[in-house]
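In the UniProt record's numbering, the protein residues as written are 1 to 241.
Have a look at the structure below, then the notes.
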């Protein structure tokens with residue numbers, strides 16, 4: 001059992017506090033959808049959990065069967081965080097002259113050392129990630145020639161290749177058609193269950209999230225776990241959305 005614990009965390013950017021203090025917990029072996037109104041800090045929370053931006057207070061704790069006690073993620077060096085948490089953001093990557101496989105290979109950077117040379121084992125891990133996500137058929141194509149759905153699969157493959165126990169995704173179904181949204185959430189749910197990972201995705205499309213999510217966490221004045229039935233009632237009363 002692994003857990004990512006949010007302990008009285010205050011989040012924001014520059015000198016502006018967005019939300020907090022927040023407390024909650026994210027568990028493995030399930031797809032968790034992070035939901036809530038726009039402007040409450042879902043993206044900021046995910047970026048803070050990934051170590052991309054600092055918090056204004058509080059802690060992010062990592063607890064697993066392999067740790068004697070919870071580890072404070074805030075205090076970890078960047079290379080250690082990169083082996084714990086991978087992240088897929090909403091920004092599109094327009095990397096000219098880079099193939100899909102080269103993008104996925106970036107997931108191995110926390111392990112390859114200063115020169116970024118891939119070993120046969122790294123190549124095998126990349127192959128496995130691309131096979132799992134169905135991206136191997138267009139591995140040699142330039143990333144800029146791919147559809148939005150194909151690009152999203154490539155970014156998820158990169159996160160898998162990073163081999164972290166935690167994968168965070170900010171609006172992974174944005175810009176996608178309905179079929180691609182379904183395929184993406186189905187893939188994320190499989191990754192969480194089959195690989196035993198903590199997978200957290202912020203999402204606005206609640207209709208489709210209700211089909212695939214194992215649990216929901218709402219961001220209001222704090223973090224709150226809600227069941228599917230509770231969420232349906234909240235949607236009907238518009239208390240959260």
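We treat Cβ as the ideally placed atom computed from N, Cα and C, and that holds for glycine.
In the three-state scheme derived from DSSP, where H, G and I count as helix and E and B as strand, residue 44 is classed as helix. In this structure the region 72-83 does not touch the region 95-104; the number of beta carbon pairs closer than 8 Å is below three. In the three-state reduction of the DSSP assignment, residue 83 falls in the coil class.
Residue 113 counts as exposed, since fewer than 16 other beta carbons sit within 10 angstroms of its beta carbon. Assignment of residue 21 by DSSP, reduced to helix, strand and coil, places it in the strand class. Our two residues, residue 202 and residue 41, have alpha carbons roughly 10 Å apart in a direct line. A contact is defined here as three or more CB-CB pairs under 8 Å, and the region 139-159 fails this definition with respect to the region 22-42. In the three-state reduction of the DSSP assignment, residue 222 falls in the coil class.
Checking the DSSP bridge columns, you'll see residue 201 partnered with 33, 169. Contact between residue 104 and residue 161 holds: CB atoms are separated by about 5 Å, below the 8 Å threshold.
Within the same chain, and ignoring the five residues on either side of residue 176 in sequence, the residues whose Cβ sits closer than 7 Å to its Cβ are 148, 149, 152, 184. When C-alpha distances from residue 174 are compared across 109, 124, 209, the shortest belongs to 209.
By the 16-neighbour rule on beta-carbons within 10 angstroms, residue 207 is exposed. Under the three-state reduction of DSSP output, residue 3 falls in the strand class. Distance from the CA atom of residue 24 to the CA atom of residue 5, rounded to whole angstroms, is 6 Å. In this structure, residue 89 lies away from residue 164, with their beta-carbon atoms at least 8 Å apart. Within its own chain, the residues whose Cβ lies closer than 6 Å to the Cβ of residue 231, once the five positions on either side in sequence are excluded, are 216, listed in chain order.
Partner residues in a beta bridge of residue 8, as assigned by DSSP, do not exist. Cβ-Cβ separation between residue 65 and residue 196: approximately 11 Å, too far for a contact (criterion under 8 Å). The region 91-117 contains, as complete alpha helix (DSSP H) runs of 4+ residues, the segments 100-105, 109-112 (chain order).
DSSP places residue 28 outside both helix and strand once states are collapsed to three, so it counts as coil. Here residue 38 carries a coil assignment [DSSP, helix/strand/coil]. Only exposed fits residue 194, as fewer than 16 other CB atoms lie within 10 angstroms of its CB.
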